[in-house]
Amino acid sequence: MQKSAAPRGGMTLDPLSLGRPLHLLERFTVLARDDLDEALRGSLNRRYRAQFEVDDVRVVPVDRLPEHRRWNGYAHERGRIDFALDRQLLLCALDYRYGAHPVSKAGPRDEAPVTATEERLAALLGRRFAGVLVDRLEGRAPSHDGSAHTGRLLGDATTILRRQGAWALRVGVRERAHGIDGGMYFLLEEAWQRHLLQQLAPTRDRPGEPSAAQPFPRRLQLALTARLLEKDIPLGRLLDLRVDDVIPVNMGPSDVLIDDSRVFTAQVVEYRGKLCLTAFEDVE
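Residue 21 is where the sequence shown starts when you use our numbering, and the numbers rise one by one after that.
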């Protein structure tokens with residue numbers, strides 16, 4: 021008599037993730053890793069000759085975050101972001117900042133009460149790195165020191181973050197010179213989640229959207245080719261041309277073609293550093 025195989029343990033699904041393109045988050049975490057790594061280099065490594073680097077960036081459940089973390093909250097018009105940093109990494113950055121020799125192993129200092137100096141540095145680093153993350157979430161080119169946006173968009177949060185439904189990012193950080201490993205953590209409110217997933221989701225027309233309801237002439241895409249100028253020159257002069265030679269031309273109306281058919285004439289003008297076509301006229 022054969023014994024039936026034991027049932028495999030099933031994977032528990034997070035109901036908050038159902039129907040969301042979470043498989044696309046890796047595109048974001050790879051870019052966020054590079055941004056935060058460069059921010060560490062700019063704010064700590066180059067200034068203090070430290071060797072901090074980012075190992076990885078992962079989205080983790082909030083209930084799996086280490087306990088007893090001191091969080092700093094930052095308010096943004098789109099939603100709140102909370103930041104925390106492992107104390108051993110914070111103390112290492114503090115030692116570099118004040119010229120002390122970082123301690124590579126946990127000791128009595130890690131159990132001592134948190135000082136006001138630590139709190140100020142944690143708030144400074146949190147605002148800086150949260151600003152870098154905001155840049156990436158908003159799709160902007162990152163300002164690696166966080167100065168371009170944090171002063172204008174991030175203020176100290178005055179309310180308590182509702183953790184239910186929030187996402188957590190764990191950023192693995194290592195200081196290679198002294199072998200110190202740890203992490204920094206970000207909590208994102210649901211508004212940030214929706215914004216990020218909308219950016220990652222492939223764009224497509226859905227029934228009922230305004231783009232699908234537009235008249236056919238507005239949805240039909242045509243490629244216009246502008247023939248800016250033509251000039252006839254003798255073959256002998258063409259063969260005599262050398263580098264830096266100048267051929268004088270007069271810019272008249274340009275021909276506008278669809279495929280190979282000439283359908284318009286237009287004037288070429290400069291507008292904000294770009295050449296543009298204007299004053300279209302039908303070709304008779």
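Heads up, the beta-carbon is just placed ideally off N, CA and C, and yes, glycines get one too.
- The way I'd put it, the segment 73-84 does touch the segment 45-63; three or more beta-carbon pairs between them come closer than 8 Å.
- Uninterrupted beta strand (DSSP E) stretches at least 3 residues long and entirely within the segment 50-123 occur at 72-80, 92-95 and 101-105, given in chain order.
- Contact check for residue 65 against residue 146 fails: the beta carbons are separated by 8 Å or more.
- Using a Cβ distance threshold of 8 Å, residue 51 and residue 140 do not count as a contacting pair.
- Taking residue 271 as the centre and dropping the five residues before and after it, the same chain places the C-beta of 248, 249 and 288 closer than 8 Å to its C-beta, in chain order.
- Within 10 angstroms of the beta-carbon of residue 108 lie 16 or more other beta-carbons, which makes it buried.
- Ranked by how close their Cα comes to the Cα of residue 114, the residues 97, 135, 98 and 131 have 135 in first place.
- In the structure shown, residue 213 adopts helical secondary structure according to DSSP, grouped into three states.
- With distances taken between CA atoms, residue 112 lies nearest to 199 out of 220, 265, 260 and 199.
- Boundaries for residue 285: no alpha helix (DSSP H) harbours it, while the beta strand (DSSP E) harbouring it runs 281-291, taken from the DSSP string.
- The Cβ atoms of residue 150 and residue 105 lie no closer than 8 Å to each other.
- Taking a 10 Å sphere around the C-beta of residue 266, we find fewer than 16 other C-beta atoms and assign the residue as exposed.
- Shown here for residue 300: same chain residues with a beta carbon closer than 8 Å to its own, the five before and five after excluded, namely 276, 284, 285 and 286 in chain order.
- The alpha carbon of residue 49 has as its nearest neighbour, out of 216, 238 and 254, the alpha carbon of 216.
- Scanning its chain for C-beta atoms nearer than 7 Å, with the 5 sequence neighbours on each side dropped, one finds around residue 90 the residues 104, 134 and 142, in chain order.
- For residue 139, the enclosing alpha helix (DSSP H) covers residues 136-157.
- One Cα belongs to residue 242, the other to residue 279, and the distance between them is close to 9 Å.
- Annotation: the continuous beta strand (DSSP E) that includes residue 247 extends over 244-247.
- Within the same chain, 116 come within 6 Å of residue 68 by CB-CB distance, once the 5 residues on both sides are set aside.
- Excluding sequence positions up to five before and after residue 159, its CB lies within less than 8 Å of the CB of 219, all in the same chain and listed in chain order.
- The continuous beta strand (DSSP E) containing residue 207 extends over residues 200-208.
- According to the DSSP assignment, residue 256 belongs to the alpha helix (DSSP H) that extends over 255-260.
- In the displayed model, residue 189 falls within a strand according to three-state DSSP.
- Within the DSSP bridge table, the entry for residue 276 names 246 and 284 as partners.
- Here residue 260 is exposed. Its C-beta has fewer than 16 other C-beta atoms within 10 Å.
- Here residue 295 carries a strand assignment [DSSP, helix/strand/coil].
- Closest by C-alpha distance to residue 203, out of 47, 60, 213 and 154, is 60.
- By the criterion of a C-beta distance shorter than 7 Å, residue 80 is surrounded in its chain by 188 and 190, once the five residues flanking it on both sides are discounted.
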